[in-house]
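Quick note on this note's numbering: the sequence shown kicks off at 13 and runs consecutively.
All C-beta atoms, glycine included, are put in the ideal place defined by N, C-alpha and C.
Predicted, not measured: the structure shown is a model, and the values here were computed from it.
Comments concern the structure below.
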Amino acid sequence: MSQDLLIGIFSSDVPESLRKPALSNVQPSFVDYGDGCVLAKGFDNDRAIQAYEATLQDMMANGGFQNPAVGQICTGLATLYDAKAAITKDPQYYDRCVEYMSMVQQAMQ
């Protein structure tokens, strides 16, 4: 599903299904403890995964592995799924992480 970047620019009559989600009150940030450790606050990994998977589908439909950004998007998705697996303790997300890492290797060839 590609995103229409022109939605909402020329008209205020945007269908409900195409409206961007409202931002939450908690904005993503890092808390720096000063001892070399930082803590991420307010990040929504599920929303990021959805956006990056939609971007990856668009890239694969328009050029596939010839696009140099495919490897970078797959690396980001692998990192997000690795973090999600660690948080939820669900091994299916590690499998997704491995799938995206194999796509990274394929993109580098």
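Considering just the uninterrupted stretch of the alpha helix (DSSP H) at Asp10, what are its terminal residues? What is shown of the chain runs 13 to 121, which leaves residue 10 out entirely.
Nearest candidate by alpha-carbon position, reference Gln62, set Met120, Leu51 and Ile85: Position 50 of the sequence shown holds residue 62. Per the Cα distances, Ile85.
Would you identify the three-state DSSP class for Asp44, choosing helix, strand or coil? As a first step, residue 44 must be located in the sequence shown, where it is residue number 32. The answer is strand: DSSP assigns Asp44 an E or B state.
CB-CB under 6 Å to Ala97, same chain, minus the five flanking residues each way: which ones, in chain order? The residue you call residue 97 lines up with position 85 of the sequence shown. The answer, listed in chain order, is Tyr105 and Tyr106.
In or out: Met120 buried (at least 16 other Cβ within 10 Å) or exposed? By 1-based counting over the sequence shown, the position of residue 120 is 108. With fewer than 16 Cβ atoms within 10 Å of its Cβ, Met120 is classed as exposed.
Just grab the DSSP bridge partners of Leu51 for me. Taking the sequence shown and counting its residues from 1, the one referred to as residue 51 is at position 39. Note: Leu51 sits in a beta bridge opposite Val43.
Could you check where the alpha helix (DSSP H) with Leu68 kicks off and where it finishes? Taking the sequence shown and counting its residues from 1, one reaches residue 68 at position 56. Element bounds for Leu68: Asn57 to Ala73.
Under the three-state reduction of DSSP, which class applies to Gln78: helix, strand or coil? Counting from 1 along the sequence shown, the entry for residue 78 is found at position 66. Per DSSP, reduced to three states, the secondary structure at Gln78 is helical.
Which residues mark the beginning and the end of the alpha helix (DSSP H) in which Gln118 is found? Residue 118 sits at position 106 when you count from the first residue of the sequence shown. Per DSSP, Gln118 belongs to the alpha helix (DSSP H) from Pro103 to Met120.
Does the distance from the CB of Cys109 to the CB of Ala90 come in under 8 Å? Locating residue 109 in the sequence shown gives position 97, counting from the first residue. Locating residue 90 in the sequence shown gives position 78, counting from the first residue. Pairing Cys109 with Ala90 gives a Cβ-Cβ distance under 8 Å.
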